[in-house]
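To start, the structure itself, in structure tokens.
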Amino acid sequence: MNTVTVTEEARLAAARSGNDAPPTAQWWIAGLAVLFPLLAYLDTAASIVSIWERSETFAHGFIIVPISLWLAWRRRAQLASLPVRPCWPALAVLLLCGAAWMLAMLGDVLVVRQYAFAVMIPLAVLAAYGKAIARALAFPLAFLLFGVPVGEGLIEPLIGITANFTVDALRLTGIPVLREGNNFSIPSGDWSVVEACSGLRYLISSVTLGCLYAYLTYQSTWRRVLFIVVALALPVLANGLRAYMIVMIGHSSNMTLAVGVDHLIYGWAFFGLVMLLLFWIGSFWREEAPAVAASANAIPRLSSASPARVAAAVLGVAVCAGVWPAYGWYIERGNATPPAAELATFAARAPAAPAFTEWQPDFAPASATLRNFYQVGTQPVGFVLKYYRDGNGGKLISSTNRLTAQRSGWHETGMAIRTETIAGRPLVMRETTLMGPGGRVVVWQWYDIGGRPTTSNYVGKLLQTKQKFLTGSDDGAALMLFSPYDEDPATARPALRTFLQAHLASIDAVLAANARQ
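Right, dumping it as structure tokens:
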């Protein structure tokens, strides 16, 4: 038997010449499987689109689906020769994915719900069309995951990296720098590394484009992985260099250039140049699709499952995907309107005092809020209790809940986890130092969920999920105790500690009185 070298298209043509025409009925029936996750989780899909609309960081999501469809269309010749054979084990994985969505709904973890929904689409394709077709569409289906708006948790680390790079580069240049947190001063002016300077947009764009470029340009796995790693590291380095250049432009121009919106324009222009350079260099190692040695007689006949079998798989997708939203609707339907939270019963022993600061945490509106000021010896102390109930107003734990609001004049200068022994028991809190109009403030912050204090957002979400599952309630509170200081936050800690010693029992009583069993 003679073997000839042909292109992939010729090989597929040879395969089709010895097989039946593509099973149109099975393809259309299996295509219905993709619609069920979209219909069953329409609210989750809408939440993804709404973030695309309001956030410039994730606006790239609008092109993810068209690109995935285009990538799938490019493989139409190969797909036409592959059989439609449902993969039944994928239904079990789809069921588990729905369970993860359900738990995320109970814990109100939007990003997990969105990822669970996005993963259901490839699983539906695998379950209805089978392994061969899903394998051929592996990258187009995986590329859909880039549409999930995730990454806000990287903002703070990226801000720190950018600030460190900029300050170190300035000092290496010979410019003296006085730094406090992510804010620093040089002889020509003051600078601050804020959220817009974190480089998250550059990082997300670079990784998304890098994965697409690596898939289209290279064939070997190691080249693809290497290019993606470079696309991941390069924007972080480039963003630090961008920030340094902007400061130098402002410094050299006596603070007349690159100090306003124009420095964001410079940033995008610089990032575009860096990415263009990356793709240009990467093109030198381009790999064409390899020739395939094949013989028409060596290609086995391909057969698809019967339409009835494909329809049964589609029905299985509908059941496994739809059971969880139906159960969620059943739980929510059984919940009566919750009673209003009542915090006025908090009994303070310390005398009231006038407000010593206008600072307020930038949290979502709570079901009930208590904000008072007291005098503890010679030191003023402020106390904030924000009680959240069933999403009535906002979420207790969210990436958008922060101690300082943008353009408020307040910024964080330090953060650490502290453990204090209060009333004979350890209490872990997050200590954050703030600076803004009127001076400096040290804040002790923690959550209380079902009588369990925690400083971790992740532990807090797990506690809320457990509580919601067992009692149907996701009640929780954010507590903040704060006091002013001049140079050392240690001077304010004794007053905070004394206030907690005297009032922790009263705080616990208020929270317990509002808890629903």
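My numbering puts the sequence shown at residues 24 to 540. Heads up, the beta-carbon is just placed ideally off N, CA and C, and yes, glycines get one too.
Using the three-state DSSP reduction, which class does residue 132 fall into: helix, strand or coil?
In the structure shown, residue 132 adopts coil according to DSSP, grouped into three states.
Cβ-Cβ separation, residue 397 to residue 522 (assumed contact under 8 Å), whole Å:
Yes, residue 522 and residue 397 are in contact; Cβ-Cβ is about 7 Å, under 8 Å.
Spatial neighbours of residue 149 in its chain, beta-carbon cut-off 7 Å, leaving aside the 5 residues before and after:
Excluding residues within five positions, the ones whose Cβ falls inside 7 Å are 110, 113 and 157.
Would you call the region 503-518 and the region 478-490 touching, i.e. three or more CB-CB distances under 8 Å?
In short, these stretches do not touch, since the Cβ pair count stays below three.
Does the region 386-397 come into contact with the region 340-353, if we say contact requires no fewer than three beta-carbon pairs (one atom in each stretch) closer than 8 Å?
The answer is no - the region 340-353 does not touch the region 386-397, with fewer than three Cβ pairs under 8 Å.
Are the CB atoms of residue 385 and residue 425 within a distance shorter than 8 Å?
Annotated as proximal: residue 425 and residue 385, with beta-carbon spacing under 8 Å.
Given a threshold of 16 other Cβ atoms within 10 Å of its Cβ, counted over all protein chains shown, does residue 440 qualify as buried or as exposed?
So residue 440 counts as exposed.
Within the region 60-136, note down every full alpha helix (DSSP H) run reaching 4 residues or more, in order along the chain.
DSSP assignment within the region 60-136 yields the following whole alpha helix (DSSP H) runs of 4 residues or more, N-terminal first: 65-77, 84-96, 99-103 and 112-130.
Taking a contact to mean a Cβ-Cβ separation below 8 Å, would you say residue 221 touches residue 254 in this structure?
No. Outside cutoff.
Once you ignore the five residues that flank residue 44 on each side, which residues in its own chain have a CB closer than 7 Å to its CB?
With a pLDDT of only 41 at residue 44, under the threshold of 50, the placement of this residue in the model should not be trusted; the figure read from the coordinates follows. So the list is empty, once near-sequence residues are dropped.
If we require 3 or more residues per run, which beta strand (DSSP E) segments fall completely within the region 392-453?
Look at the region 392-453 and you find these whole runs of beta strand (DSSP E), each 3 residues long or longer: 402-411 and 434-445.
Since residue 215 sits in a beta bridge, which residues does DSSP pair it with?
According to DSSP, which records beta bridges pairwise, residue 215 is partnered with 206.
Given a threshold of 16 other Cβ atoms within 10 Å of its Cβ, counted over all protein chains shown, does residue 190 qualify as buried or as exposed?
So residue 190 counts as buried.
Sub-8 Å separation of residue 123 and residue 107 beta-carbons:
In this structure, residue 107 does not lie closer than 8 Å to residue 123 by Cβ.
Could you check if residue 532 is buried or exposed, using at least 16 other CB atoms within 10 Å of its CB as the buried criterion?
By the C-beta density criterion, residue 532 is exposed, having fewer than 16 other C-beta atoms within 10 angstroms.
Which listed residue (534, 115, 223 and 512) has its alpha carbon closest to that of residue 369:
Closest by alpha carbon: 534.
Can you give me the start and stop residues for the beta strand (DSSP E) that residue 507 sits inside?
Annotation for residue 507: the continuous beta strand (DSSP E) segment containing it runs 499-508.
Where do the N-terminal and C-terminal ends of the beta strand (DSSP E) with residue 477 fall, by residue?
Residues 475-477.
Tell me residue 463's beta-bridge partners as DSSP assigns them.
Its beta-bridge partners are 458 and 508.
Neighbour-count burial assignment, residue 309, 16 or more Cβ in a 10 Å radius
It counts as exposed.
Tell me the residue span of the alpha helix (DSSP H) that contains residue 234.
Element bounds for residue 234: 223-240.
Pairwise C-alpha distance: residue 178 and residue 408:
When rounded, the distance between both Cα atoms is 26 Å.
Whole-angstrom distance between residue 465 and residue 436, CA atom to CA atom
Straight-line Cα distance between these residues: approximately 10 Å.
Could you tell me the alpha carbon to alpha carbon distance between residue 197 and residue 264, rounded to whole angstroms?
Each residue's alpha carbon lies about 16 Å from the other.
Helix, strand or coil at residue 269 [DSSP, three-state]
If DSSP states are grouped into helix, strand and coil, residue 269 belongs with the helices.
Three-state secondary structure (DSSP) at residue 198?
In this structure, residue 198 counts as coil in the three-state DSSP scheme.
Over the uninterrupted alpha helix (DSSP H) stretch that includes residue 158, give me the two end residues.
Residues 154-159.
Considering just the uninterrupted stretch of the alpha helix (DSSP H) at residue 177, what are its terminal residues?
Counted as a single uninterrupted DSSP element, the stretch harbouring residue 177 is not any alpha helix (DSSP H), since DSSP gives it neither H nor E.
I'd like to confirm the pairing. Which residues does DSSP put opposite residue 469 in its beta bridges?
502.
Is the CB-CB distance between residue 498 and residue 446 below 8 Å?
One thing to note: residue 498 has its Cβ no nearer than 8 Å to the Cβ of residue 446.
Look up residue 385 in the DSSP assignment and give the residues it is bridged to.
In DSSP, residue 385 forms a bridge with 425.
Thinking C-beta only, is residue 53 closer than 8 Å to residue 333?
Going by C-beta atoms, residue 333 is nearer than 8 Å to residue 53.
Applying the criterion that 16 or more other CB atoms from any shown protein chain within 10 Å of the CB defines a buried residue, is residue 11 buried or exposed?
Nothing about residue 11 can be reported from this structure: the residues present for the chain run from 24 to 540 only.
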